[in-house]
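These notes are about the structure you will find just below.
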Amino acid sequence: MFLTLLNKNLKQPFLSLAIKASESDAAFDDVQHELITSFAKELGIEPFYNCERSEAEVISQIVNFASKTEKQIILFEIIGILYSDNLLQEAESDFLCRVSSGFNIDLPLANEMINLVADYKHLYIDICKKVLEESDSLEQ
């Protein structure tokens, strides 16, 4: 959603962090794989699905190149990938805490972002249901 605002030095580190996020609950599923592909396309880079660097190394690299706004964008997008299955597992929540802490983003802001992502996802589903429901009734 906001990835085009990231500077070029953050593209690969962001994708690496997205992979780490996907692996945080030990279940890198098809939806998360598709999101990684979509992120890479939005960033204009080749997708990759494995990251050999540690979580701490990736976070450190991002911190070295990112502005406060870029860190918030990255956290928002990471929340989106973790919330792709409509809930945050304990391991995913722990991962978000480590990222937030590493980015020096306070917990209330991170929690607000989690709530906004959840609200957005539910609203999007409601819109899709309404649009598809209306289009089905028009076709009949």
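Here the sequence shown stands for residues 617 to 756, numbered as in the working numbering.
Glycine is no exception: its CB is placed at the ideal position from the N, C-alpha and C atoms.
As the structure is a computational prediction, the values presented were derived from the model and not from experiment.
Item                                                                                                                                              : Value
With DSSP as the reference, label Phe-644 as helix, strand or coil.                                                                               : coil
Would you kindly report the start and end of the unbroken alpha helix (DSSP H) that includes Gln-705?                                             : Taken as a continuous stretch (DSSP letters only), Gln-705 belongs to no alpha helix (DSSP H), as it is neither H nor E.
Just to confirm before moving on: does the CB-CB distance between Leu-626 and Ile-690 stay below 9 Å?                                             : yes
Does the beta-carbon distance from Phe-655 to Leu-619 come in below 9 Å?                                                                          : yes
Ignore the nearest five residues each way along the sequence and tell me which others in Ala-707's own chain have a CB closer than 8 Å to its CB. : Ser-640, Asp-641 and Ala-642
How would you call Ala-672, buried or exposed, if buried means at least 16 neighbouring beta carbons within 10 angstroms?                         : exposed
Mind checking if Ser-632 is an interface residue toward chain C, Cβ cutoff 9 Å exclusive?                                                         : Absence of chain C from the displayed structure is noted, only one protein chain being present.
For Gly-718 and Asn-623, I'd like the C-alpha separation in whole angstroms.                                                                      : 19 Å
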